[in-house]
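Student: I have a structure here, written as structure tokens, and I will follow up with some questions on it.
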Amino acid sequence: MLHTSLGAIIEDTRAAMRRAPCFQNPVSGLGCKFCGSKRSWVQHLRQVHVFLPRTKTGHDILASGTNHNSASGPILRYCPAILLTLYYEVSAIGVTPMIHLGLFFAGAAYILNGLSFLGVVDARSSSPLNTLVGLFFLAITYQLVWPLHDFTGPEKTEILLVAAGELLFGVTFLYFGVASFTGLSASNLGWFCGWAALVSAAITAVQMTWFGDVKSAALWFVWTVVFCALFAVLALTLERLTRPTGYLIIVAGFSTCFFPGGLLLLRSWELVPPSVVWTVQLSAITLFLLLSIRSSRIAPNDKPHPLPAA
Numbered sequence: 000m001l002h003t004s005l006g007a008i009i010e011d012t013r014a015a016m017r018r019a020p021c022f023q024n025p026v027s028g029l030g031c032k033f034c035g036s037k038r039s040w041v042q043h044l045r046q047v048h049v050f051l052p053r054t055k056t057g058h059d060i061l062a063s064g065t066n067h068n069s070a071s072g073p074i075l076r077y078c079p080a081i082l083l084t085l086y087y088e089v090s091a092i093g094v095t096p097m098i099h100l101g102l103f104f105a106g107a108a109y110i111l112n113g114l115s116f117l118g119v120v121d122a123r124s125s126s127p128l129n130t131l132v133g134l135f136f137l138a139i140t141y142q143l144v145w146p147l148h149d150f151t152g153p154e155k156t157e158i159l160l161v162a163a164g165e166l167l168f169g170v171t172f173l174y175f176g177v178a179s180f181t182g183l184s185a186s187n188l189g190w191f192c193g194w195a196a197l198v199s200a201a202i203t204a205v206q207m208t209w210f211g212d213v214k215s216a217a218l219w220f221v222w223t224v225v226f227c228a229l230f231a232v233l234a235l236t237l238e239r240l241t242r243p244t245g246y247l248i249i250v251a252g253f254s255t256c257f258f259p260g261g262l263l264l265l266r267s268w269e270l271v272p273p274s275v276v277w278t279v280q281l282s283a284i285t286l287f288l289l290l291s292i293r294s295s296r297i298a299p300n301d302k303p304h305p306l307p308a309a
């Protein structure tokens, strides 16, 4: 069979990658999770090379006369196709450490923003960190979505779900950063947080029911409550919830970002039982509810900032 288009080559390469053992499970920059080795990308490319069908596409131009069945044969046989396909298929997996790193540093932004709600730091001073973290999440979103040339298949759906979460965080942090620095009205931002709360609740349900990722669902459940609290403070101007929201953001910075992100970077997140994750997250929400009830009985002495960042 003689292939004549790059698309056909990519389809051949994608099929080969599905047959190659190490590509049946996620491959991260830290090594292959299937075989446990520290294989380089070139070594993984050579593995794909073994499974490629015998065709003349690209061979006559790039590697004429080579042994197609040899695992040590020139990887240049399908060099453009393999590199493109590898990028399309596993760039989202390769960006996984960036997601973990973003979650880790989002904790710092959360903590600083919570302090701004408590009046410890000026809201405007937190705008640089919010902007940088927001731009980082937007870059991750681009890295996740851009390689997708189609949106079919359950694996693509999961990537899109992750991208939706990253985009939600990116836009939120960037919005808060810009609004805090420029002094924009908090009302529109609060209504955006109301919409973000609905999106977060939907992602929580999907993580729980569709993908069965109960630990991620626990994190998204807390973020849903955080967005609801921001909506109440910024859009509905419930000033008595300003300080409880500040404490909630600080606790969420540790419980949903700093510690999970750090454990993911150390590849130890899987060792944490789901029951522990849910207990910690429900404790954070319970603390917020108790503080909210207490604040409703006491007239607030501190006025909120014109635009506390979150």
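Per numbering that gives the first Met the number 0, the very first residue in the sequence shown carries number 0; after that it's consecutive. C-beta atoms are modelled at their ideal positions from N, C-alpha and C, and glycine is treated no differently.
Helix, strand or coil for residue 267? Go by DSSP, reduced to three states.
Tutor: Counting from 1 along the sequence shown, the entry for residue 267 is found at position 268. In this structure, residue 267 counts as coil in the three-state DSSP scheme.
Student: Three or more beta-carbon pairs under 8 Å between the region 195-213 and the region 240-259, yes or no?
Tutor: The region 195-213 vs the region 240-259: no contact.
Student: Using 8 Å as the Cβ pair cut-off and three pairs as the minimum, do the region 223-235 and the region 190-197 touch?
Tutor: Contact between the region 223-235 and the region 190-197 is present, because at least three Cβ pairs lie under 8 Å.
Student: So which of 219, 140, 117 and 207 has the shortest CA-CA distance to residue 238?
Tutor: Locating residue 238 in the sequence shown gives position 239, where the first residue counts as 1. The shortest Cα separation from residue 238 among 219, 140, 117 and 207 belongs to 117.
Student: So, using beta-carbon positions, are residue 220 and residue 103 closer together than 9 Å?
Tutor: In the sequence shown, residue 220 corresponds to position 221, counting from 1. In the sequence shown, residue 103 corresponds to position 104, counting from 1. In this structure, residue 103 does not lie closer than 9 Å to residue 220 by Cβ.
Student: Measuring only the C-alpha atoms, how far is residue 165 from residue 292?
Tutor: Within the sequence shown, residue 165 is the residue found at index 166, counting from 1. Within the sequence shown, residue 292 is the residue found at index 293, counting from 1. Cα to Cα, the separation comes out at about 32 Å.
Student: Give the straight-line distance between the Cα atoms of residue 143 and residue 295, rounded to the nearest whole angstrom.
Tutor: Within the sequence shown, the letter at position 144 stands for residue 143. Within the sequence shown, the letter at position 296 stands for residue 295. About 43 Å.
Student: Quick test of the definition: if touching needs 3 or more C-beta pairs under 8 Å, does the region 231-245 touch the region 263-277?
Tutor: Too few Cβ pairs lie closer than 8 Å, so no.
Student: What's the call for residue 289, buried or exposed, on a 16-neighbour Cβ count within 10 Å?
Tutor: Here residue 289 refers to the residue found at position 290 when the sequence shown is read from its first residue. When all chains shown are included, residue 289 counts as exposed.
Student: Along the alpha helix (DSSP H) that carries residue 183, what are the first and last residues, could you check?
Tutor: For the purposes of this step, residue 183 is taken as the residue at position 184 of the sequence shown. Per DSSP, residue 183 belongs to no alpha helix (DSSP H) and is neither H nor E.
Student: State the start and end residues of the unbroken alpha helix (DSSP H) segment that holds residue 113.
Tutor: In the sequence shown, the residue the question calls residue 113 occupies position 114. Unbroken alpha helix (DSSP H) run through residue 113: 95-116.
Student: Between which two residues does the alpha helix (DSSP H) carrying residue 295 extend?
Tutor: Counting from one through the sequence shown, the residue named residue 295 turns up at place 296. Start and end: 273-296.
Student: Check whether the Cβ of residue 115 lies closer than 9 Å to any Cβ atom in chain D.
Tutor: Of the chains in the structure shown, none is chain D; there is only one protein chain.
Student: Taking the beta carbon of residue 129 as the centre, do at least 16 other beta carbons fall within 10 Å, making it buried, or is it exposed?
Tutor: Here residue 129 is taken as the residue at index 130 of the sequence shown, counted from 1. So residue 129 ends up on the buried side.
Student: I believe residue 172 touches residue 132 by the beta-carbon criterion, under 8 Å. Please report the beta-carbon distance rounded to the nearest angstrom.
Tutor: Position 173 of the sequence shown, counted from the first residue, corresponds to residue 172. Position 133 of the sequence shown, counted from the first residue, corresponds to residue 132. Going by Cβ atoms, the distance from residue 172 to residue 132 rounds to 5 Å, so yes, they are a contact pair.
Student: What would DSSP say about residue 250, mapped onto helix, strand or coil?
Tutor: Here residue 250 is taken as the residue at index 251 of the sequence shown, counted from 1. Helix, per DSSP.
Student: Using the beta-carbon count (16 or more within 10 Å), is residue 255 buried or exposed?
Tutor: The count along the sequence shown starts at 1 and reaches residue 255 at position 256. Result: buried.
Student: Thinking just about the alpha-carbon of each residue, which of 113, 186 and 262 is nearest to the one in residue 243?
Tutor: For the purposes of this step, residue 243 is taken as the residue at position 244 of the sequence shown. Here the closest residue by C-alpha is 113.
Student: According to the neighbour-count rule (16 or more other Cβ atoms, all chains shown, within 10 Å of its Cβ), is residue 282 buried or exposed?
Tutor: For the purposes of this step, residue 282 is identified with residue 283 of the sequence shown, where counting begins at 1. So residue 282 counts as exposed.
Student: Three-state secondary structure (DSSP) at residue 120?
Tutor: As a first step, residue 120 must be located in the sequence shown, where it is residue number 121. The answer is coil: DSSP assigns residue 120 none of H, G, I, E or B.
Student: Helix, strand or coil for residue 209? Go by DSSP, reduced to three states.
Tutor: For the purposes of this step, residue 209 is taken as the residue at position 210 of the sequence shown. Reduced to three states, the DSSP call for residue 209 is coil.
Student: I need the boundaries of the alpha helix (DSSP H) containing residue 143, first residue and last residue.
Tutor: In the sequence shown, the residue the question calls residue 143 occupies position 144. Per DSSP, residue 143 belongs to the alpha helix (DSSP H) from 126-144.
Student: Taking 6 Å as the limit between beta carbons, can you name the residues of its chain near residue 170, skipping five residues before and five after?
Tutor: Sequence index remark: in the sequence shown, residue 170 carries index 171 (1-based). Counting only Cβ-Cβ distances below 6 Å, and skipping sequence neighbours, we find nothing.
Student: Alpha carbon to alpha carbon, how far is residue 278 from residue 124?
Tutor: Indexing the sequence shown from 1 puts residue 278 at position 279. Indexing the sequence shown from 1 puts residue 124 at position 125. If you take the alpha carbons of residue 278 and residue 124, they lie about 33 Å apart.
Student: Identify, in the order they occur along the chain, each residue of the same chain with its Cβ nearer than 7 Å to the Cβ of residue 139, setting aside the five sequence neighbours on each side.
Tutor: Within the sequence shown, residue 139 is the residue found at index 140, counting from 1. Excluding sequence neighbours, residue 139 sits near 94, 97, 98, 101 and 165.
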